[in-house]
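Visitor: I'd like to ask some things about the structure below.
In my numbering, the protein residues as written are 1 to 213.
Structure, rendered in structure tokens:
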């Protein structure tokens, strides 16, 4: 079930004040809708399907999976044999990840409701303890399912590209990225939405010198 996270002018004003270059992009683009998938199982399954493939391929496989299962939840995944899951377009490894995830949810080893209540760092640790879930997937789950307000992922290439284009960096060291993360906190998630727009060529870049964080 999808929904939109509402964020106020406080977040935009904070980002404008902390980073005038990003502020110029915010003013040019306007408010971005922050859409989330509220069902945690569905969101994680969708991320597993999409690992290391194009968005178009992910959409096609996900459509076949949803049509085949009817409902993407633990009982339906476990009721489907591995060969049928592979027939939807999943690799053998992803079938293993998906079925293992479903089994852990079904037997209570992975309590998704409890994970949803954890602070960011603890929720990421709990998610990455699941087979096939890395740090990037966990961070995207927090941002696009749990609607957490302060997620700026160093693992995300779009975020890195957006920052490099905005501030004319050739590359981002971990130390430099950490400075931006502190600069945008506690509204890193909203900053991420605009950085993805920049990375995708959907936002005009201000003509200015590179800022020093």
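Cβ atoms here follow ideal geometry from the backbone N, Cα and C, with glycine treated the same way.
Source: prediction; values computed, not measured.
Rank 173, 159 and 183 by C-alpha distance to the C-alpha of residue 200 and give the top, closest one.
Guide: Ranking 173, 159 and 183 by Cα distance to residue 200 puts 159 first.
Visitor: Taking a contact to mean a Cβ-Cβ separation below 9 angstroms, would you say residue 74 touches residue 106 in this structure?
Guide: Yes, the pair counts as a contact, with Cβ atoms nearer than the cut-off.
Visitor: In the DSSP assignment, find the beta strand (DSSP E) that holds residue 3 and state where it starts and stops.
Guide: 2–5 is the extent of the beta strand (DSSP E) around residue 3.
Visitor: Have a look at 195, 41, 186 and 183 and flag the residue whose alpha-carbon is nearest the alpha-carbon of residue 161.
Guide: The option with the nearest alpha carbon to residue 161 is 195.
Visitor: Can you give the Cα-Cα distance for residue 176 and residue 18, rounded to whole angstroms?
Guide: The straight-line gap from Cα to Cα measures roughly 15 angstroms.
Visitor: Can you name, in chain order, every residue of its own chain whose Cβ lies under 6 angstroms from the Cβ of residue 5, other than the five neighbours on each side?
Guide: Only 34, 36 and 147 meet the Cβ criterion.
Visitor: Between the Cα of residue 29 and those of 150, 12, 151 and 94, spot the shortest distance and give me the residue it belongs to.
Guide: Checking every option, the nearest Cα to that of residue 29 belongs to 12.
Visitor: Out of 151, 156, 115 and 203, which has the shortest C-alpha to C-alpha gap to residue 215?
Guide: The structure shown has nothing for residue 215, since the chain only spans 1 to 213.
Visitor: Mind the definition here: the segment 47–63 touches the segment 87–104 only if three or more C-beta pairs lie below 8 angstroms; say whether that holds.
Guide: Enough Cβ pairs lie closer than 8 angstroms, so yes.
Visitor: When DSSP builds the beta bridges, which residues end up paired with residue 36?
Guide: DSSP output for residue 36 lists 3 as bridge partner(s).
Visitor: The alpha helix (DSSP H) with residue 108 in it runs from where to where?
Guide: Here residue 108 belongs to no alpha helix (DSSP H), and DSSP marks it neither H nor E.
Visitor: Sorted by chain position, which residues of the same chain lie with C-beta nearer than 8 angstroms to residue 203's C-beta, five sequence neighbours on each side aside?
Guide: Closer than 8 angstroms at Cβ, skipping near neighbours: 25, 28, 29, 194 and 197.
Visitor: Roughly how many angstroms separate the alpha carbons of residue 91 and residue 77, rounded to a whole number?
Guide: One C-alpha to the other measures close to 15 angstroms.
Visitor: I need the boundaries of the alpha helix (DSSP H) containing residue 29, first residue and last residue.
Guide: Where residue 29 is concerned, the enclosing alpha helix (DSSP H) stretches over 20–29.
Visitor: Of the choices 70, 111, 140 and 170, whose alpha-carbon is the least far from that of residue 190?
Guide: It is 140.
Visitor: If you reduce the DSSP assignment to three classes, tell me which class residue 80 lands in.
Guide: Here residue 80 sits in coil by DSSP.
Visitor: Can you tell me whether residue 109 is buried or exposed, with buried defined as 16 or more other CB within 10 angstroms of its CB?
Guide: Label assigned to residue 109: exposed.
Visitor: What are the boundary residues of the alpha helix (DSSP H) that residue 198 is part of?
Guide: It spans 188–199 - the alpha helix (DSSP H) in which residue 198 sits, taken as one unbroken run.
Visitor: When you compare only the Cα positions, how much space is there between residue 165 and residue 61?
Guide: If I take the Cα positions, the gap works out to 32 angstroms.
Visitor: Which runs of the alpha helix (DSSP H) fall wholly inside the segment 145–184 and span at least 4 residues, in chain order?
Guide: Those alpha helix (DSSP H) runs which fall completely within the segment 145–184 and span 4+ residues are 157–167 and 174–184.
Visitor: First and last residue of the alpha helix (DSSP H) that includes residue 128?
Guide: Here the alpha helix (DSSP H) through residue 128 covers 120–128.
Visitor: Could you pull out every residue in the same chain whose Cβ sits closer than 6 angstroms to the Cβ of residue 82, ignoring the five residues on either side in sequence?
Guide: Closer than 6 angstroms at Cβ, skipping near neighbours: 95.
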